[in-house]
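> One structure is given below, represented as structure tokens, and several questions about it will come after.
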Amino acid sequence: MTESSSPAEPSADAKPLSPSAAYADYRDRTKKAQTPLGRFSARTDFELDDFQLEACTQLQEGKDVLVTAPTGAGKTLIAEFAVELARDEGKRVFYTTPIKALSNQKFNDLMDVHGVENVGLLTGDTSIRRDAPIIVMTTEVLRNMLYNDLSGLADLGFVVLDEVHYLADRFRGPVWEEVIIHLPDRVQMVSLSATVSNVEEFGAWLREVRGPTTVISTTHRPVPLVNHVLVGHRMYDLFTHHDSERIDPALNHATRTHGGPRSRRERATRARFRRPSRTQVVSSLAETGMLPAIMFIFSRNACDEAVEQYLASGYDLNSREEKVIINAALERLRDELASEDLGILGFHSFREGLLLGVAAHHAGMIPQFKQLVEELFSQGIIKVVFATETLALGINMPARTVVLEKLVKFNGEAHVSITPGEYTQLTGRAGRRGIDKIGHSVVVWHPSLEVNEIAGLASNRSYALNSAFGPTYNMTANLLSRMSSAEAAKVLETSFAQFQADKAVVGLAKKVRKNETTIAAYEKSMQCELGDFAEYARLRQAISDAEKQETRTKSKNRQREIVESLSALKVGDVVTLPAKRVEGTAVIIAPMSSRDGESRLPTVLTEQGKVWHLRPHEVTEPLAAQGRVRVPKKFNHRQAGDRRQLLGILNDAKHDGKVDSQAQWQSSSGASGISSSVSEMTAQLRAHPCHDCPDREMHARWASRAAKLVKENDSLIARIEGRTTSIALVFERVQDVLRTLGFDPEQSDMLRRIYGERDLLVALTIRAGLWDNLVEPELAGFASCFVFQSRRGDTLHPERAPSRDLKVNGDEAVTIWRKLFQLEEQHALSTTQEPDRGLFKPMYRWTEGKNLADSLRGTDIAAGDFVRWAKQSLDLLGQVAEVAELETAVRIRRTIEAIRRGVVADS
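Just so you know, we're using the working numbering here: the sequence shown kicks off at 1331 and counts up by one.
Next comes the structure, spelled out in structure tokens:
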């Protein structure tokens, strides 16, 4: 591996060259100037950094390269040189990216340099000039070509894998490994990655599967980063100026003043501490000259709220001239959108924010909004962007400052601390090359945040690249169509996952031996003269496990009762809300399933006059009807007069004693005390000889440590035993499932061309004929259930189907899924997700020709999410059309045309 740095300046007292040496130097420089790299360098406005020069030289010599460097260091230049080389050699080049937004950006950048006619774009649902010499594509498209369209690779000379560290992604990462494994050796590969700590390991694997590969790594940032912490309204440096790892004493003093468990006076000071609002953070940045800034907030709703808070503050960051530019851009955007969709898109609040110099950026926004934010921010016209972490992935949108509001995010399952790698990725946006002398990162401090935690993230540059590879149904079908099962298994053994597993076994075995020695010492320390303490400890643990299980069961039952109670409520029922956000008396004005067939949450009018949807996860207790009032027939909750009238009726009922505030939901599960099994084990525990030992708790601590290590060792041993067989074993199980379902190699042609997380389920529904009797709007809805995934907090009840055939086929798809799920569980495989019918009605309406507002009526789906799911549905429909019967394929293609309009077509 080569570690590069920025180019060094020539020494001022260097000796002059002799005439012969000067001539040789001139001849060498002339020769280099005539090479592709020489011509490329001459056209750049700056001198190439050492790592760029070395990577380009290796490419020119015909080698693959793996380049790791911080965000903004200039990795893209190496990819641009690969494009130049391909053009010089008369070969094609594929530029792959992990996300469509990045593909669109690269597509536009390359067209500016090489001309519109020479650049194409392939992103699953989009195909533009697919025969052009330069093609920008998502990595999945290249994977599909490697399996099904080898003729399109005949004159391919180079492949750029941008953001190759994405192969660690547990959902989409395996695609990168498939590409690397199957790409022909004659094609040169350019792998570009963020800084990773195990780059040499990754490079060694690339050499093993691809041949000569030069690894070039640099940690040099072209714009140095200074880390800060905002405590209240004052900005502090995280580290001292003379020591980049020593925390600034002034920061320590400031946080101690507000933070620790100290005297009563200090606790009172801590209680008075208030975190600065987002608007105050922006104000602090403006006062210290640290704009433009990206503030990362790990929540879409919070990003939108931040813009609203800023609008309410009255601050304005933009000049009159900048507002003119923004208005012109907004008018162009407005011309692209249907006027009836402006409301649902939030166009007017979006416009207000832009004019004041702020904007949100997240996946819930339509691509056109996000692209405009990116353009205006890059021009310095937008000063602050409130963004989710998706902005940190690849998009070229640097800022002077990056702000982290929190160091915890929701990963889809739980709230977890961000990793050093994520911190580096996020703060990598700070510092604009050629504009800023330094970049700034700012963490907003609060009393529960330790400064050492911030320092650990900022100083730890380790980000290990770990494979997420594993055989899928589609991958298996494609491999078996080209080779025997034994040959396919050997191909899978060349994966990075297997490479890492084989390499890790030595370290794992060493850890097991060390743990065994420690366990023996712990067991000796926990010995008790009164009896078998190991037996006593196991009994204690069994009681603890049983109590935890009871707690989980109670929580699950309580959630079920809450849903049951909400389902039982009728219009006019009076309830008391023991909710997290709203308390007090309320009237049900819409039940869980309303008369017009919409599937929705129950809606209430609170005694404060607020209309609120009762989401099960926000209600803390089952709700019982405590009375009933008459809701006027033509009641409209949007009319203030109607709300006042109903509140008057409610108040009269309460005054007349018609509301029983003591009424409670009658639980169907009965009282749930301590189970008999726990009681029995507790009695055994108390009767055990060791229970009365005076050193019992000391012995218990040693037993706990031993048990923890035994559990760790069992896990390590399982990993060792499965290291060489894990991937092969999964491959065998996948084949067993396919054989059981009748997908033998010669019958898997359909499955080979279906890509996605529910690939086999889609193939099974095609074989069952579930696509054949549906008309266009139904086909759109049906396709959506194989790509859509409801967001956390959405209604627990599936969307009611807008047609009988769609309902019947949706139910049958779920029946097929249940059988597949059981089969996967029997074979110890990761299970396929259930079809999600939450997008049935919006997709049906949109394909019928309804506008966006009408299509999304009655749902919580954001416009940007709908566009993304619609595009994924288009992608799947295109795949199904390729394998369906002719008549069905014709209807599917009409469906595709009906979906591809308005914001969906323009995105």
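The beta-carbon is built from N, C-alpha and C at its ideal position, and this holds for glycine as well.
If the criterion is Cβ atoms closer than 8 Å, does the pair residue 1735 and residue 1805 meet it?
In the sequence shown, the residue the question calls residue 1735 occupies position 405. In the sequence shown, the residue the question calls residue 1805 occupies position 475. Against a cut-off of 8 Å, the Cβ pair of residue 1805 and residue 1735 comes out as no contact.
> Count the other CB atoms within 10 Å of the CB of residue 1349; is the residue buried (16 or more) or exposed (fewer)?
For the purposes of this step, residue 1349 is identified with residue 19 of the sequence shown, where counting begins at 1. Classification for residue 1349: exposed.
> Residue 1279 lies in the beta strand (DSSP E); which residues open and close that run?
What is shown of the chain runs 1331 to 2237, which leaves residue 1279 out entirely.
> Going by DSSP in three states, residue 1457 sits in which element: helix, strand or coil?
Stepping through the sequence shown from its first residue, residue 1457 is reached at position 127. It is a strand residue.
> Drop a sphere of 10 angstroms on the beta-carbon of residue 2048, count the other beta-carbons inside from all chains shown, and report buried for 16 or more, exposed for fewer.
Position 718 of the sequence shown, counted from the start, is the residue given in the question as residue 2048. Per the 10 Å Cβ criterion, exposed.
> With a Cβ-Cβ cutoff of 8 Å, do residue 1956 and residue 1989 count as a contact?
Translated into positions along the sequence shown, residue 1956 becomes position 626. Translated into positions along the sequence shown, residue 1989 becomes position 659. Closer than 8 Å, so yes.
> Sort 2138, 1479, 1826 by Cα distance to residue 1530 and report the nearest one.
As a first step, residue 1530 must be located in the sequence shown, where it is residue number 200. When each option's Cα is compared against that of residue 1530, the closest is 1826.
> Could you say if the stretch 2098-2106 and the stretch 2209-2222 meet the contact criterion of at least three C-beta pairs nearer than 8 Å?
Because the criterion of three Cβ pairs below 8 Å is met, the stretch 2098-2106 and the stretch 2209-2222 touch.
> Once DSSP output is grouped into helix, strand and coil, what is the label at residue 1908?
Within the sequence shown, residue 1908 is the residue found at index 578, counting from 1. Residue state, collapsed to three classes: strand.
> Rounded to the nearest angstrom, what separates residue 1731 and residue 1621 at their Cα positions?
Within the sequence shown, residue 1731 is the residue found at index 401, counting from 1. Within the sequence shown, residue 1621 is the residue found at index 291, counting from 1. Spanning the two alpha carbons is a distance of roughly 6 Å.
> Among 1670, 1671, 1719, which has the Cα closest to the Cα of residue 1692?
As a position in the sequence shown, residue 1692 is number 362, starting the count at 1. The shortest Cα separation from residue 1692 among 1670, 1671, 1719 belongs to 1719.
> Please report the distance separating the alpha-carbon of residue 2220 from that of residue 1407.
As a first step, residue 2220 must be located in the sequence shown, where it is residue number 890. As a first step, residue 1407 must be located in the sequence shown, where it is residue number 77. Each residue's Cα considered, the two are about 44 Å apart.
> Measure how close the beta-carbons of residue 2095 and residue 2153 come, nearest whole angstrom, since I'm counting them as under 8 Å.
Stepping through the sequence shown from its first residue, residue 2095 is reached at position 765. Stepping through the sequence shown from its first residue, residue 2153 is reached at position 823. So it is not a contact: roughly 15 Å between Cβ atoms.
> State the DSSP-derived secondary structure class of residue 2023, mapped to helix, strand or coil.
By one-based count along the sequence shown, residue 2023 stands at place 693. Coil at residue 2023, not helix or strand.
> If you run the structure through DSSP and keep just helix, strand and coil, what is residue 1482?
Sequence index remark: in the sequence shown, residue 1482 carries index 152 (1-based). Helix, per DSSP.
> With a Cβ-Cβ cutoff of 8 Å, do residue 2222 and residue 1800 count as a contact?
Position 892 of the sequence shown holds residue 2222. Position 470 of the sequence shown holds residue 1800. Their beta carbons are not under 8 Å apart, which means residue 2222 does not touch residue 1800 by this criterion.
> Below 8 Å CB to CB, which residues in the same chain sit around residue 1436 once its five sequence neighbours on both sides are set aside?
For the purposes of this step, residue 1436 is taken as the residue at position 106 of the sequence shown. Correct list, in chain order: 1425, 1427, 1466, 1492.
> If you draw a straight line from the C-alpha of residue 2137 to the C-alpha of residue 2115, how long is it?
Taking the first residue of the sequence shown as position 1, residue 2137 is located at position 807. Taking the first residue of the sequence shown as position 1, residue 2115 is located at position 785. If you take the alpha carbons of residue 2137 and residue 2115, they lie about 12 Å apart.
> Do residue 1824 and residue 1539 count as a contact pair if the criterion is CB distance below 8 Å?
Within the sequence shown, the letter at position 209 stands for residue 1539. Within the sequence shown, the letter at position 494 stands for residue 1824. The answer is yes: Cβ separation under 8 Å.
> Less than 8 Å between the beta carbons of residue 1402 and residue 1728, yes or no?
The count along the sequence shown starts at 1 and reaches residue 1402 at position 72. The count along the sequence shown starts at 1 and reaches residue 1728 at position 398. Closer than 8 Å, so yes.
> Keeping to the same chain, check which residues put their C-beta closer than 8 Å to that of residue 2186; ignore five residues upstream and five downstream.
For the purposes of this step, residue 2186 is taken as the residue at position 856 of the sequence shown. Closer than 8 Å at the Cβ level, and outside the excluded window around residue 2186, lie 1674, 2172, 2193, 2196.
> When the Cα atoms are used, what is the spatial distance from residue 2089 to residue 1959?
Mapped onto the sequence shown, residue 2089 falls at position 759. Mapped onto the sequence shown, residue 1959 falls at position 629. Straight-line Cα distance between these residues: approximately 51 Å.
> Quick check on residue 2232: does DSSP put it in helix, strand or coil?
Position 902 of the sequence shown, counting from 1, holds the residue named residue 2232. Residue 2232 falls in the helix class under three-state DSSP.
> Buried or exposed: where does residue 1711 fall if 16 or more other Cβ atoms within 10 Å of its Cβ makes it buried?
Translated into the one-based positions of the sequence shown, residue 1711 becomes position 381. Classification of residue 1711: buried, given that the 10 Å Cβ count is 16 or more.
> Give the DSSP bridge partners of residue 1488, in chain order.
As a first step, residue 1488 must be located in the sequence shown, where it is residue number 158. Paired residue(s): 1423, 1518.
> How big is the Cα-Cα spacing for residue 1593 and residue 1585?
Locating residue 1593 in the sequence shown gives position 263, where the first residue counts as 1. Locating residue 1585 in the sequence shown gives position 255, where the first residue counts as 1. Residue placement at residue 1593 is poorly supported in this model, since its pLDDT is 44, which falls under 50; the coordinates still yield a value, given next. C-alpha separation (whole angstroms): 15 Å.
> Compute every distance between the C-beta of residue 1862 and the non-hydrogen atoms of the ligand MG, then say whether any falls below 7 Å.
This structure simply doesn't include the ligand MG, nor any ligand for that matter.
> Residue 1808 by DSSP, collapsed to three states: which one?
By 1-based counting over the sequence shown, the position of residue 1808 is 478. Reduced to three states, the DSSP call for residue 1808 is helix.
> Out of 1853, 1609, 2159, 1921, point me to the one whose CA is closest to residue 2032's CA.
Locating residue 2032 in the sequence shown gives position 702, where the first residue counts as 1. With distances taken between Cα atoms, residue 2032 lies closest to 1853.
> Counting Cβ pairs closer than 8 Å, one from the stretch 1810-1825 and one from the stretch 1765-1778, do we hit at least three?
Taking 8 Å as the limit for Cβ pairs, the verdict is that the stretch 1765-1778 does not touch the stretch 1810-1825.
> Under the three-state reduction of DSSP, which class applies to residue 1700: helix, strand or coil?
Position 370 of the sequence shown, counting from 1, holds the residue named residue 1700. Looking at residue 1700 - three-state DSSP - the assignment turns out to be helix.
> Thinking C-alpha only, which one of 2011, 1880, 2067, 1637 is nearest residue 2151?
For the purposes of this step, residue 2151 is taken as the residue at position 821 of the sequence shown. Out of 2011, 1880, 2067, 1637, 2067 has the C-alpha closest to the C-alpha of residue 2151.
> If contacts are defined as beta-carbon pairs under 8 Å, then residue 1400 and residue 1549 qualify, I think. What distance do you get, rounded to the angstrom?
For the purposes of this step, residue 1400 is taken as the residue at position 70 of the sequence shown. For the purposes of this step, residue 1549 is taken as the residue at position 219 of the sequence shown. Residue 1400 to residue 1549, Cβ: 7 Å. Contact.
> Start and end of the alpha helix (DSSP H) containing residue 2102?
The residue given as residue 2102 occupies position 772 in the sequence shown. Residue 2102 -> no alpha helix (DSSP H), and no H or E assigned at all.
> Under 8 Å by Cβ, that's how I've got residue 1750 and residue 1796 pegged, so tell me the actual separation to the nearest angstrom.
Along the sequence shown, read from residue 1 onward, the residue named residue 1750 stands at position 420. Along the sequence shown, read from residue 1 onward, the residue named residue 1796 stands at position 466. Rounded, the Cβ-Cβ distance is 14 Å, inconsistent with contact.
> Measure from the alpha carbon of residue 2239 to the alpha carbon of each residue in 1613, 1494, 1846, then state which is nearest.
Nothing in the structure corresponds to residue 2239, since the chain is present only between 1331 and 2237.
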